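Here the sequence shown is numbered in my numbering, starting from -15 and rising by one per residue. Written out below as structure tokens is the structure these notes cover.
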Amino acid sequence: MKKKNIIVVGLQWGDEGKGKIVDLLAKDADIIARYQGGNNAGHTVVNGDLSLVFRLVPSGILNDKKICILGNGVVIDPAVLFEELDALKNIGIGIKDRFFISYKSHIIMPYHKRLDIARERLRGAGMIGTTGRGIGPTYEDKVARLGIRAIDLLDRNLLYAKIVLSLKEKNYLFKNVLGENIFNPDDLIEEYLVYGEKMKEFLIDSSAFINEKINDGFNIMLEGAQGTFLDVDHGTYPYVTSSNTVSGSALSGVGLGPTNIDEVIGITKAYTTRVGEGSFPTELKGGKGDLIRDKGEEFGSVTGRPRRCGWFDVNLIKEAKRLNGATGMAVTKLDVLSGLKKINICTGYMLKGSFIDHLPYSHADYSETVPVYQEMSGWEGNISDIKSLKDLPVNSQKYIFKIEELTGLPINIVSIGKERNQTIILKSILREG
Ligand code: GDP
Ligand code: IMO
Ligand code: MG
């Protein structure tokens, strides 16, 4: 039996249910690794009475003995990481010898968070709606070659010099542009050296480690954070996050070559949501949007903000399929649509009098796109405990098959509830006989 190496990636604007699907698939993966983003992510895993929202730790950690890694592409707020590790310890989940961090991953510092929040205030009406966790400024420092890497936390002199250097411009900005208090390196150094001491036992070269394990016959699942349209290159720029979220970045985010990957599985909701600012052509304001939000409990798992809700958008998924080289998909939250008399699928947009079957190129055009809908009949009842596709209400089956037909992406999994077992698997992913 061949074990596969796969990438799991969000096909929309995040919160597609990646945590649930990664937890579910983790039983067939030896290693689960995050490759980008930081604690802007909130990946929910529900298993019986246990409901956990992972910000940094890969969602496979609840599966006994699986190795979980934070790759070099991840940005880490140590306080959040240790809070998460303590929470796992408190519920008896052991991480010894199976949780690791790339020594090259970058550290989110208090000045990154302050900068993130102050910049949003400066933008005023043009704000991005970030999570305020310092993600953007940390990636900026990485690219500006001012970043602090996990390994730097082990060297007092180096760490001090790096903090001093990074604060040279930032303190000027805080004081003279943003009207914020400045930082004194002496107030930061001790705390971050303590984090370094605590982090030391987990640090590895993620590339060397993963490649060696793959050579030994282990398989890997790479867990994306955010979603395709939050990608800094391919998303709805500038209303995006500050990392590449698409599958291509999974490889550089852990130090693995592309020839190792067998499948790319995209996760999409049976409808669409977005949290934060930026365009959203199929958004439903009020009415059915509120209904979906209430039924789907669509509130941000990190910030608690209400998620904007709208109809399924074929353009998004077709483009995400291409951008990620997706080979299959999991459709989540089908149960949330139960009870709606009519359900729309967006098959394209009208823009300035012409039909387009792709996303507008200019962000300015988004506000002028008018979705074109195909109307589908709804279905009734609670479907969350149904065990096979053929037992789902006929109209929900039609809906699923329509999505598959219009996007051209084969469906592997249909998720009909939060729980691990509220899932219908159509085609296996990680193993082939
Ligand atoms: P992620 O960031 O992609 O991991 O997604 P989040 O965890 O932020 O948001 C997904 C939410 O939907 C979580 O509260 C999940 O527990 C929940 N969820 C996932 N799949 C399903 C499903 O099929 N049905 C329902 N009702 N909830 C689901
Ligand atoms: P998961 O992994 C949904 C959004 C923010 C904001 C934009 C930029 O749980 O799917 P940032 O703090 O990253 O600079 O914010 O990106 N955003 C997410 N939206 N799910 C996420 O993660 C998100 N991570 C960031 O709301 O619009
Ligand atoms: Mg989330």
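Glycine included, C-beta positions come from ideal geometry on N, C-alpha and C. In this text the structure is predicted, and so the values were computed from the model without any measurement.
Following the continuous beta strand (DSSP E) through residue i, name the residue where it begins and the one where it ends.
i, result
"Q358", "354 to 361"
"G250", "247 to 253"
"H27", "27 to 31"
"G294", "292 to 294"
"I45", "Counting along the chain, I45 falls outside any beta strand (DSSP E), and DSSP gives it neither H nor E."
"F339", "338 to 340"
"G288", "Premise fails: G288 is in no beta strand (DSSP E) and is neither H nor E."
"N328", "326 to 335"
Just the Cα atoms here: how many angstroms apart are residue i and residue j?
i, j, result
"G120", "I132", "14 angstroms"
"E364", "D278", "17 angstroms"
"L36", "F296", "27 angstroms"
"L393", "N228", "22 angstroms"
"I395", "N23", "29 angstroms"
"I408", "G(-2)", "22 angstroms"
"N141", "A128", "21 angstroms"
"C293", "M334", "20 angstroms"
"V426", "R117", "Nothing about residue 426 can be reported from this structure: the residues present for the chain run from -15 to 417 only."
"C330", "Y95", "42 angstroms"
"T122", "M93", "8 angstroms"
"K326", "T256", "16 angstroms"
"I77", "E261", "37 angstroms"
"K(-14)", "L414", "8 angstroms"
"E174", "A63", "14 angstroms"
"N(-11)", "V161", "48 angstroms"
"I79", "L72", "8 angstroms"
"K419", "I301", "In the structure displayed, the chain extends from -15 to 417; residue 419 sits before or after that span and is not available."
"L143", "D170", "11 angstroms"
"D139", "R39", "27 angstroms"
What residue from the options has the CA that sits closest to residue i's CA?
i, options, result
"I188", "K269, I51, H218, N379", "I51"
"Y58", "I245, Q210, D200, Y255", "The residue you asked about is not Tyr; residue 58 is Val in the sequence shown. Nearest of I245, Q210, D200, Y255 to V58, Cα basis: Q210."
"L206", "P94, G55, T266, P265", "G55"
"A310", "V354, T266, I251", "I251"
"A13", "G32, P377, D48, H27", "D48"
"K402", "M313, G280, L69", "G280"
"S412", "H96, Y223, H218, V248", "V248"
"S231", "Y176, L240, V(-7)", "V(-7)"
"Y345", "R404, S263, L268", "S263"
"M360", "Q381, E124, Y176", "Q381"
"K88", "A134, F202, L72", "A134"
"P222", "T114, E303, I367, S43", "T114"
"S399", "A314, G362, L321", "A314"
"K305", "G337, G323, H342, S285", "H342"
"N168", "V148, N199, Y176", "V148"
"L214", "L8, Q20, V6, I16", "Q20"
"E67", "I198, N405, V41, L9", "V41"
"L137", "G180, L130, G1, I112", "G180"
"L151", "L99, L307, K11, L235", "L99"
"F84", "I75, L69, K97", "L69"
Considering just the uninterrupted stretch of the alpha helix (DSSP H) at residue i, what are its terminal residues?
i, result
"R277", "271 to 279"
"S263", "It is not in any alpha helix (DSSP H) - S263 carries neither H nor E in the DSSP assignment."
"A318", "Here residue 318 turns out to be Leu, not Ala, going by the sequence shown. Unbroken run through L318: none, as it is neither H nor E."
"G3", "2 to 9"
"V127", "119 to 127"
Please confirm whether any heavy atom of the ligand MG lies closer than 8 angstroms to the CB of residue i.
i, result
"G312", "no"
When every heavy atom of the ligand GTP is checked, does at least one fall within less than 8 angstroms of the C-beta of residue i?
i, result
"L318", "In terms of ligand content, the structure shown lacks the ligand GTP and carries the ligand GDP, the ligand IMO and the ligand MG instead."
Cβ-heavy atom distance between residue i and the ligand IMO below 8 angstroms?
i, result
"D100", "yes"
"G(-6)", "yes"
"E261", "yes"
"I119", "yes"
"R258", "yes"
"G113", "yes"
"K382", "no"
"A209", "yes"
"L106", "no"
"L65", "no"
"Y223", "yes"
Taking only heavy atoms of the ligand GDP into account, decide whether any of them is closer than 8 angstroms to the Cβ of residue i.
i, result
"K371", "no"
"I409", "no"
"E68", "no"
"V472", "Any question about residue 472 goes unanswered here, given that the chain covers just -15 to 417."
"S231", "no"
"I16", "no"
"Q20", "no"
"E153", "no"
"V37", "yes"
"E281", "yes"
"I194", "no"
Does residue i come within less than 9 angstroms of chain B when only Cβ atoms are used?
i, result
"D200", "Considering every chain present, this structure includes no chain B. It has just one protein chain."
Worksheet item: With distances taken from each beta carbon to the nearest heavy atom of the ligand MG, which residues come in below 5 angstroms, in chain order?
Response: Here the residues come out as D(-1), G26, S285.
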